[in-house]
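4 protein chains.
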Amino acid sequence: MASPPENRPRGAGRPRSAAADRAILSATRSALVELGWSALTMSAVASRAQVARTTLYRRWPGKSELVVDAVADLFDERLELPDRGSLAADIEWVVLRFAALLEQPETKTGLMAVLAEATRDEALRARIRSAIVGRQKALVLRGRARAQDRGELAPDPPGDAGARQAARTVDLIFDVVAGSVIHRALVSSEPVDEDWARDFAALVTGGLTGAGPRTG
Amino acid sequence: MASPPENRPRGAGRPRSAAADRAILSATRSALVELGWSALTMSAVASRAQVARTTLYRRWPGKSELVVDAVADLFDERLELPDRGSLAADIEWVVLRFAALLEQPETKTGLMAVLAEATRDEALRARIRSAIVGRQKALVLRGRARAQDRGELAPDPPGDAGARQAARTVDLIFDVVAGSVIHRALVSSEPVDEDWARDFAALVTGGLTGAGPRTG
Amino acid sequence: MASPPENRPRGAGRPRSAAADRAILSATRSALVELGWSALTMSAVASRAQVARTTLYRRWPGKSELVVDAVADLFDERLELPDRGSLAADIEWVVLRFAALLEQPETKTGLMAVLAEATRDEALRARIRSAIVGRQKALVLRGRARAQDRGELAPDPPGDAGARQAARTVDLIFDVVAGSVIHRALVSSEPVDEDWARDFAALVTGGLTGAGPRTG
Amino acid sequence: MASPPENRPRGAGRPRSAAADRAILSATRSALVELGWSALTMSAVASRAQVARTTLYRRWPGKSELVVDAVADLFDERLELPDRGSLAADIEWVVLRFAALLEQPETKTGLMAVLAEATRDEALRARIRSAIVGRQKALVLRGRARAQDRGELAPDPPGDAGARQAARTVDLIFDVVAGSVIHRALVSSEPVDEDWARDFAALVTGGLTGAGPRTG
DNA sequence: CCCTAAGCGAGACGGTACGTCCCGTCTTGCG
DNA sequence: CGCAAGACGGGACGTACCGTCTCGCTTAGGG
Numbered sequence: 001m002a003s004p005p006e007n008r009p010r011g012a013g014r015p016r017s018a019a020a021d022r023a024i025l026s027a028t029r030s031a032l033v034e035l036g037w038s039a040l041t042m043s044a045v046a047s048r049a050q051v052a053r054t055t056l057y058r059r060w061p062g063k064s065e066l067v068v069d070a071v072a073d074l075f076d077e078r079l080e081l082p083d084r085g086s087l088a089a090d091i092e093w094v095v096l097r098f099a100a101l102l103e104q105p106e107t108k109t110g111l112m113a114v115l116a117e118a119t120r121d122e123a124l125r126a127r128i129r130s131a132i133v134g135r136q137k138a139l140v141l142r143g144r145a146r147a148q149d150r151g152e153l154a155p156d157p158p159g160d161a162g163a164r165q166a167a168r169t170v171d172l173i174f175d176v177v178a179g180s181v182i183h184r185a186l187v188s189s190e191p192v193d194e195d196w197a198r199d200f201a202a203l204v205t206g207g208l209t210g211a212g213p214r215t216g
Numbered sequence: 001m002a003s004p005p006e007n008r009p010r011g012a013g014r015p016r017s018a019a020a021d022r023a024i025l026s027a028t029r030s031a032l033v034e035l036g037w038s039a040l041t042m043s044a045v046a047s048r049a050q051v052a053r054t055t056l057y058r059r060w061p062g063k064s065e066l067v068v069d070a071v072a073d074l075f076d077e078r079l080e081l082p083d084r085g086s087l088a089a090d091i092e093w094v095v096l097r098f099a100a101l102l103e104q105p106e107t108k109t110g111l112m113a114v115l116a117e118a119t120r121d122e123a124l125r126a127r128i129r130s131a132i133v134g135r136q137k138a139l140v141l142r143g144r145a146r147a148q149d150r151g152e153l154a155p156d157p158p159g160d161a162g163a164r165q166a167a168r169t170v171d172l173i174f175d176v177v178a179g180s181v182i183h184r185a186l187v188s189s190e191p192v193d194e195d196w197a198r199d200f201a202a203l204v205t206g207g208l209t210g211a212g213p214r215t216g
Numbered sequence: 001m002a003s004p005p006e007n008r009p010r011g012a013g014r015p016r017s018a019a020a021d022r023a024i025l026s027a028t029r030s031a032l033v034e035l036g037w038s039a040l041t042m043s044a045v046a047s048r049a050q051v052a053r054t055t056l057y058r059r060w061p062g063k064s065e066l067v068v069d070a071v072a073d074l075f076d077e078r079l080e081l082p083d084r085g086s087l088a089a090d091i092e093w094v095v096l097r098f099a100a101l102l103e104q105p106e107t108k109t110g111l112m113a114v115l116a117e118a119t120r121d122e123a124l125r126a127r128i129r130s131a132i133v134g135r136q137k138a139l140v141l142r143g144r145a146r147a148q149d150r151g152e153l154a155p156d157p158p159g160d161a162g163a164r165q166a167a168r169t170v171d172l173i174f175d176v177v178a179g180s181v182i183h184r185a186l187v188s189s190e191p192v193d194e195d196w197a198r199d200f201a202a203l204v205t206g207g208l209t210g211a212g213p214r215t216g
Numbered sequence: 001m002a003s004p005p006e007n008r009p010r011g012a013g014r015p016r017s018a019a020a021d022r023a024i025l026s027a028t029r030s031a032l033v034e035l036g037w038s039a040l041t042m043s044a045v046a047s048r049a050q051v052a053r054t055t056l057y058r059r060w061p062g063k064s065e066l067v068v069d070a071v072a073d074l075f076d077e078r079l080e081l082p083d084r085g086s087l088a089a090d091i092e093w094v095v096l097r098f099a100a101l102l103e104q105p106e107t108k109t110g111l112m113a114v115l116a117e118a119t120r121d122e123a124l125r126a127r128i129r130s131a132i133v134g135r136q137k138a139l140v141l142r143g144r145a146r147a148q149d150r151g152e153l154a155p156d157p158p159g160d161a162g163a164r165q166a167a168r169t170v171d172l173i174f175d176v177v178a179g180s181v182i183h184r185a186l187v188s189s190e191p192v193d194e195d196w197a198r199d200f201a202a203l204v205t206g207g208l209t210g211a212g213p214r215t216g
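Protein chains in written order, with UniProt numbering: chain A, 1 to 216; chain B, 1 to 216; chain C, 1 to 216; chain D, 1 to 216.
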């Protein structure tokens with residue numbers, strides 16, 4: 001759940017309203033869709049959330065951080081990976097699932113804007129990774145393990161070297177899957193439909209089962 | 001060369017200074033690096049370019065358009081693709097080449113910012129595609145043709161269906177290559193080094209030469 | 001002693017801390033000196049008095065009232081009028097005494113600020129008159145009586161008309177003395193020293209003993 | 001005429017609107033009357049003057065300075081001193097004239113507030129003296145000269161000592177007249193009517209013609 | 001001796017004004 | 001007409017206080 005960091009002493013003083021938190025994040029998302037990043041103002045969010053502007057600043061340092069948290073919620077939804085029978089089918093499913101997320105205007109606008117803002121701000125980048133991107137990586141891990149169980153992929157070699165190699169592969173797959181879908185959807189402005197998903201899954205599966213990355 | 005559209009009547013009055021154009025675009029790039037997108041102001045550009053703010057507005061409608069033009073220049077550099085002997089080696093070379101471009105702070109910041117801005121603006125998105133992204137696609141075409149000459153990839157089937165199939169594959173490869181590199185560099189914040197490029201190239205080559213996208 | 005009105009039911013519950021009252025008024029005075037009226041905030045007073053902001057509001061309705069009470073204390077000091085032997089000497093003494101009070105930064109700032117605030121608020125003006133200004137008038141009465149005893153001034157004529165006439169004169173003297181000193185010290189920004197006091201006393205004594213106000 | 005200092009380079013750029021200046025000062029005065037010092041905001045002034053808030057800040061650093069200039073205008077009115085035939089009558093006239101000024105709510109509120117603010121700010125105090133208070137002193141000089149011509153007052157002794165003595169007397173009278181009237185009107189909250197003016201004039205004339213300040 | 005009503009600290013809350021910065025437009029005067 | 005300079009109306013920013021409101025914890029009487 002996305003919300004401002006709660007490392008406050010607690011005990012003294014009136015507690016913060018949890019309802020306000022929810023209202024603010026929700027208002028941020030809807031305002032983001034209607035106004036876009038640059039026209040999104042703290043005032044707009046505040047008035048939509050029926051909350052004073054100061055309350056926003058009490059919880060978040062600025063627009064970027066607020067939007068990151070607001071957008072992160074959207075990526076919190078079900079991350080289950082139903083077993084579709086084969087590695088290729090699993091990949092297709094993930095791709096379409098992710099694409100559906102990027103279809104939603106709020107996700108699209110928010111994600112890109114926040115990424116752009118993060119270009120110059122490593123702290124923000126880290127926040128994005130932990131709040132949004134990182135948790136998607138679990139999917140890759142699960143799908144890979146399942147493919148190994150099925151015998152589609154070779155099991156990890158034992159030992160430290162094997163673990164390192166596995167991690168490298170997971171990172172690679174993750175960048176390829178997420179990056180390709182984002183690029184297709186947001187840069188090329190072409191639909192990520194079933195056809196594309198099938199082509200993409202075939203490409204990746206072929207690469208993985210055929211040669212696979214060579215050991216460094 | 002990026003510059004403001006020149007569909008002006010021409011003839012009467014003092015002509016616009018070409019030197020100003022150059023100074024402005026260059027100032028925009030340097031300011032973008034130092035300040036980042038959001039802190040980049042027209043005033044800042046104007047004072048760096050030793051130019052009045054009015055002069056900027058006479059040539060570009062706003063910040064986004066100015067930055068797109070300024071950044072586009074950077075992608076105009078050499079797009080040659082030396083023959084490295086194999087498909088995998090060619091891909092590696094392209095990846096590292098592109099990564100080097102993204103290392104430059106101006107490219108990184110500018111590209112992401114402009115993409116984010118474009119999320120809500122199809123006209124801007126088109127401008128980006130034609131000015132920046134599109135011309136990269138030529139590389140993919142050339143590399144693929146070369147691999148077909150070498151026999152690494154099957155030649156395109158004849159007829160319309162074959163051409164469509166070829167176009168689909170080119171688009172796919174392009175999204176995969178560009179997207180993966182961008183994601184690795186700008187989201188995961190991990191280096192796009194020779195090791196990663198080799199792994200990536202192996203993955204893609206395996207997918208292409210092994211199964212390849214099935215015909216829809 | 002200045003303090004918040006105590007018309008509270010009394011009996012049940014924890015009684016208010018008298019120490020807090022003292023700390024608050026003292027903190028108000030010191031803060032007033034260091035910060036001036038406009039920069040003086042309830043928060044500043046609270047933190048100096050080691051007291052919660054709420055405690056202030058429980059006792060005073062706002063800044064003006066708090067400052068009036070705090071400043072009034074300063075005018076509570078010794079109001080004795082030693083017999084200096086002549087009307088002129090008595091006036092000199094009063095003038096220098098008052099000037100010394102206005103030298104103190106807390107009195108100066110506080111008095112003017114409170115007067116300004118009172119310009120639009122008759123209730124506050126009344127409070128000031130009764131808490132601060134009014135009690136100074138006793139000095140004039142005493143000095144005048146003494147001068148009449150000495151024979152420097154004519155005794156009050158008997159009857160109502162005489163009393164009214166006496167009251168008018170006292171009011172006049174009071175405004176002249178207080179007003180002149182305040183103007184010299186706070187507007188002209190010139191020192192109220194012994195020379196000035198002597199000149200002033202000479203002027204007033206001359207006016208009083210010579211012609212004196214004619215009967216209306 | 002009160003207005004922001006005009007020590008700007010001049011020549012380049014669009015000149016400031018003089019109409020705006022007038023509108024702002026006038027709006028300030030009316031807002032001051034209706035709202036009082038503390039409720040007077042820059043926004044209120046701006047909207048009354050049909051001017052952007054930034055325009056205010058371009059010309060004055062803050063509220064205090066703006067109000068000083070606005071109030072100063074009111075003291076710019078006719079400062080003539082008609083010859084009323086005697087020193088006492090002249091003084092009466094000046095007193096009533098000044099009192100009439102202080103009756104106007106704008107003058108009253110503005111003057112006191114500005115004086116209070118100036119208590120802690122010598123620069124502001126100087127500005128007040130030069131813009132408001134100082135020019136009133138000319139009246140005293142003229143009245144005194146006229147009384148000397150009439151023979152009511154002794155002529156100034158020649159030489160430096162005489163000039164110094166004259167200056168001291170003028171300063172004294174000025175503080176006494178202005179201070180007494182202000183105190184009567186704004187602190188005692190009593191009317192400065194013809195009766196009071198006559199009493200006051202009698203007191204001062206008596207002091208001047210009778211003993212007068214002794215030589216230090 | 002405990003009960004209870006108030007005091008008290010802390011701090012969140014809805015507001016409002018501040019003074020600054022930038023936007024995009026407009027008016028100047030000089031080439 | 002281009003151009004530099006800079007005023008203009010407008011709007012968002014982030015900060016500081018305001019006066020009110022909840023909290024949980026003292027802390028005195030009064031039963």
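C-beta: ideal position from N, C-alpha, C; glycine also.
- Counting only runs of 4 or more residues that sit fully inside the segment 135 to 168 of chain D, the alpha helix (DSSP H) segments are 137 to 150, in chain order.
- Contact residues of the segment 191 to 210 of chain C toward chain D are Asp195, Trp196, Arg198, Asp199, Phe200, Ala202, Leu203, Val204, Thr205, Gly206, Gly207, Leu208, Thr209, Gly210 (C-beta to C-beta distance below 8 Å).
- With contacts defined by Cβ atoms closer than 9 Å, Ala116 of chain B and Ala72 of chain A do not form a contacting pair.
- For Ile128 of chain B, at least one C-beta of chain A is nearer than 9 Å to its own C-beta.
- Secondary structure of Leu208 of chain A (DSSP, three-state): helix.
- Closer than 9 Å to the CB of Thr109 of chain D there is at least one CB belonging to chain C.
- For Arg48 of chain C, the three-state secondary structure derived from DSSP is helix.
- Gly110 of chain C counts as buried, since no fewer than 16 other beta carbons sit within 10 angstroms of its beta carbon.
- Collapsing the DSSP output to three states places Trp60 of chain C in coil.
- Contact between the segment 157 to 164 of chain D and the segment 87 to 104 of chain D is absent: fewer than 3 CB-CB pairs across the two stretches fall below 8 Å.
- One finds Glu117 in chain D with Cβ atoms closer than 8 Å to the Cβ of Ser38 of chain C, taken in chain order.
- Between Val187 of chain A and Gly179 of chain B, the C-beta gap is smaller than 9 Å, which places the two residues in contact.
- Per DSSP, the continuous alpha helix (DSSP H) segment holding Pro105 of chain A begins and ends at 105 to 118.
- In the three-state scheme derived from DSSP, where H, G and I count as helix and E and B as strand, Ala178 of chain A is classed as helix.
- Put simply, the backbone Cα of Gly36 of chain A is about 36 Å away from that of Ala88 of chain A.
- Annotation: the continuous alpha helix (DSSP H) that includes Leu35 of chain C extends over 18 to 39.
- At a cut-off of 9 Å between beta-carbon atoms, Leu124 of chain C makes no contact with chain D.
- The beta carbon of Leu153 of chain C lies closer than 6 Å to those of Ala147 in the same chain, with the five residues before and after it left out.
- Between Leu81 of chain D and Val94 of chain D the beta-carbon gap is near 7 Å, inside 8 Å, which marks them as a contact.
- One finds Val187 in chain B with Cβ atoms closer than 7 Å to the Cβ of Val133 of chain A, taken in chain order.
- In this structure, the alpha-carbon of Ala70 of chain C lies about 7 Å from that of Ser26 of chain C.
- In this structure, C:Gln50 is the residue among C:Pro15, C:Ile132, C:Gln50 with its C-alpha nearest to the C-alpha of Ala23 of chain C.
- Within the segment 52 to 70 of chain B, contact with chain A at the beta-carbon level (separation under 7 Å) is assigned to no residue.
- By the neighbour-count criterion, in which 16 or more other beta carbons inside 10 Å mark a residue as buried, Asp175 of chain B falls on the buried side.
- By the neighbour-count criterion, in which a residue is buried when 16 or more other Cβ atoms sit within 10 angstroms of its Cβ, Thr107 of chain B is buried.
- Near chain D, meaning a CB-to-CB distance below 9 Å, the residues of the segment 163 to 181 of chain C are Arg168, Thr169, Asp171, Leu172, Ile173, Phe174, Asp175, Val176, Val177, Ala178, Gly179, Ser180, Val181.
- Boundaries of the alpha helix (DSSP H) around Arg127 of chain D: 122 to 128.
- The beta-carbon of Arg184 of chain A is placed less than 9 Å from the nearest beta-carbon of chain B.
- Leaving aside the five residues that flank Leu208 of chain B on each side, none in its chain has a CB nearer than 6 Å to its CB.
- DSSP, reduced to helix, strand and coil, places Leu81 of chain D outside both helices and strands of the structure shown, so it counts as coil.
- By the beta-carbon neighbour count (other beta carbons within 10 angstroms, threshold 16), Ser17 of chain D is exposed.
- Here Glu92 of chain C is near Glu194 of chain C, since their CB atoms are less than 9 Å apart.
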